[in-house]
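Enquirer: Numbering (this note's numbering), first residue to last: 58 to 526. Would you mind keeping the following structure in view while I ask a few things?
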RNA sequence: GCUCCGGUGGUGUAGCCCGGCCAAUCAUACGGGACUCUCGAUCCCGUGACCCGGGUUCAAAUCCCGGCCGGAGCACCA
């Protein structure tokens, strides 16, 4: 990073808490905090919550961000709530008005758009400062209705990029704010609020999405007027995950209300909550985002990369259990005695063993039954059987000769099963699981030949959440 | 339309600023083999990329110009 001195770096992540943190937020948290850490710097979490109407903050979401930061090992050194610092913004606004760099504009949106598009100053632009100050105080006092007046920053009405021409710094919104109630009617826009805060907080480097590229051009005017130095900015492109469609936070909210998703932590959603619920390791998420780098080109990446990262961490410590989806009951004929089968909890890590009864009535998945019917298979750790028609099977010895191959399948004794529901991104899968998983509540296990899953809850039945293959 | 910004194997990334050590890094994916009482893991081996066209230069993925393709912004949203 340019101009980064060890110990003197201040970075921030500045979300609007209008919903739960998503993968996109995670990128912001991870990348900013990691760079700050790399330079022994400071990491600030700032809530840019200055629009109580269009992007209305969600009260619970403030804490969600705090929790998710903590979980991602990105605990902020400082937490700032923009909506609680309104008076400070007002102060800077007054200074700008006094200096003649900001003015109250009473054009309608449409009127101003016309001026902006043609590059002509609007009639309010060159009014005297005293009048603007008076109008400003009236705005604050509730004299104007919404839309009747805004405070604009003077830039350059002939700037080649129309987006930077005299942009709005404050507007009137008669709507109570989840955090500060109805104390204010004049709210700063992101561009203004963020410009002031970055300076006040001493932010040295900004890493953000390129959708905010124009912000810099706008904000630089304010910095120039105050004689401040603008932080170093690095932008990243849009991120698209193959497995998730385009989902805006508000879309997701609606779908949750309609019952399409069970909640913000539905495994099908790209929220941090969902990934936590699925049992992902924060370290894997971090590596995943860091591997994307901070290039300005848009990335379109598969979750498989994340799965690979996560697998590296959990494979060595996830206990192995049998989960039978689409169970089929098999009666084994000619089985001599009931024996206790000991299976290792992990094939290479020493985690002890689990026990299953070697009974003559077992369950296997119908997938296996259908592909191996008429053939000999080995019930892993137990014995060999030949699968026959209509759920029968014949005992075929104990020799582990079937080693070399694919015909080793998992199974469960009838007397030791529990109902199990797995919540996957594609929907719910029901099946049977060995009762030994009761030792693994709230841990990630591997259901052999299926996938890694987190055991969420066990009462009469088992609830598991799909992690990844 | 206007203003910006990008374009390295299937995907992501390093290298580009300060041209040569790049017949291009790493990861993932994919193919093959070994091992394994999981379709997981591990170990080998392999496939596979500098958008196109000009220019500058002894030398270009790296610099310049044009084209094509992609993205973002053009809100009293963040």
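Every residue gets a Cβ at the ideal spot worked out from N, C-alpha and C, and that includes glycine.
#1: Within the continuous beta strand (DSSP E) that includes residue 245, where are the two ends?
#2: Taking the DSSP output, what are the residues bridged to residue 68?
#3: For a minimum of 3 consecutive residues, which ranges assigned as the beta strand (DSSP E) are wholly contained in the region 186-256?
#4: Taking the C-alpha atoms as reference points, what is the distance between residue 414 and residue 348?
#5: What does the Cβ neighbour count give for residue 156, buried or exposed, with the cut at 16 atoms within 10 Å?
#6: Let me confirm a value: residue 397 is counted as buried when at least 16 other C-beta atoms fall within 10 Å, else exposed. Which label applies?
#7: Can you tell me whether residue 192 is buried or exposed, with buried defined as 16 or more other CB within 10 angstroms of its CB?
#8: Name the two residues that bound the continuous beta strand (DSSP E) containing residue 508.
#9: Tell me, to the nearest whole angstrom, how far the beta carbon of residue 258 is from that of residue 67; I am working on the premise that it is less than 8 Å.
#10: Would residue 551 and residue 336 be called neighbours here (beta carbons separated by less than 7 Å)?
#11: Do the region 81-100 and the region 58-72 touch if we need at least three Cβ pairs shorter than 8 Å?
#12: DSSP on residue 128, reduced to helix/strand/coil?
#13: Using DSSP bridges, identify the partner residues of residue 411.
#14: Can you tell me whether residue 160 is helix, strand or coil according to DSSP?
#15: Indicate whether residue 507 and residue 380 have their beta-carbon atoms separated by less than 7 Å.
#16: Taking the continuous beta strand (DSSP E) assigned at residue 422, which residues delimit it?
#17: When you compare each of 178, 297, 368, 207 to residue 150 by their alpha carbons, which one comes out closest?
#18: Do you know offhand how far residue 214's Cα is from residue 177's?
#19: Beta strand (DSSP E) containing residue 387: first to last residue?
#20: Tell me, please, whether the region 400-419 touches the region 356-376 by the rule of three or more beta-carbon pairs shorter than 8 Å.
#21: When the distance is taken between beta carbons, is residue 106 closer than 7 Å to residue 140?
#22: Do you know how far the Cα of residue 358 is from the Cα of residue 490?
#23: What three-state label does DSSP hand residue 285 in the structure shown?
#24: Using 10 angstroms around the beta-carbon of residue 212, count the other beta-carbons present and answer buried if the total reaches 16, otherwise exposed.
#25: Between which two residues does the alpha helix (DSSP H) harbouring residue 80 extend?
#26: Could you round the C-beta distance between residue 473 and residue 492 to whole angstroms and report it? I think they count as a contact, below 8 Å.
#27: Using the three-state DSSP reduction, which class does residue 466 fall into: helix, strand or coil?
#28: Between residue 428 and residue 525, what straight-line distance do the alpha-carbon atoms span, to the nearest angstrom?
#29: Rounded to whole angstroms, what's the CA-CA distance from residue 142 to residue 370? Just pull it up for me.
#30: Considering only their Cβ atoms, is the gap separating residue 464 from residue 423 smaller than 7 Å?
#31: If you follow the alpha helix (DSSP H) that residue 310 is part of, which residue opens it and which one closes it?
#32: Determine which residues share a DSSP beta bridge with residue 520 and list them.
#33: Alpha carbons only, please: which of 332, 301, 322, 355 is nearest the one belonging to residue 267?
Expert: To lay it out plainly:
#1: Unbroken beta strand (DSSP E) run through residue 245: 243-245.
#2: 100, 262
#3: Listed in chain order, the complete beta strand (DSSP E) runs (minimum 3 residues) inside the region 186-256 are 207-210, 225-229, 243-245.
#4: 46 Å
#5: exposed
#6: exposed
#7: buried
#8: 508-515
#9: Between the beta-carbon of residue 258 and that of residue 67 there is about 7 Å, and that keeps the pair under the 8 Å contact cut.
#10: Within the shown structure, residues of the chain are numbered from 58 to 526, placing residue 551 beyond reach of any answer.
#11: yes
#12: Three-state result, residue 128: helix.
#13: 400
#14: strand
#15: Yes, the Cβ-Cβ distance between residue 507 and residue 380 is below 7 Å.
#16: 418-422 is the extent of the beta strand (DSSP E) around residue 422.
#17: Comparing Cα positions, the closest option is 207.
#18: 6 Å
#19: Per DSSP, residue 387 belongs to the beta strand (DSSP E) from 384-390.
#20: yes
#21: yes
#22: Distance between the alpha carbons of residue 490 and residue 358: 33 Å.
#23: coil
#24: That one is buried.
#25: In this chain, the alpha helix (DSSP H) harbouring residue 80 covers 80-95.
#26: 5 Å
#27: strand
#28: 24 Å
#29: Rounded to whole angstroms, residue 142 to residue 370 spans 42 Å at the Cα level.
#30: no
#31: 306-314
#32: 478, 514
#33: 355
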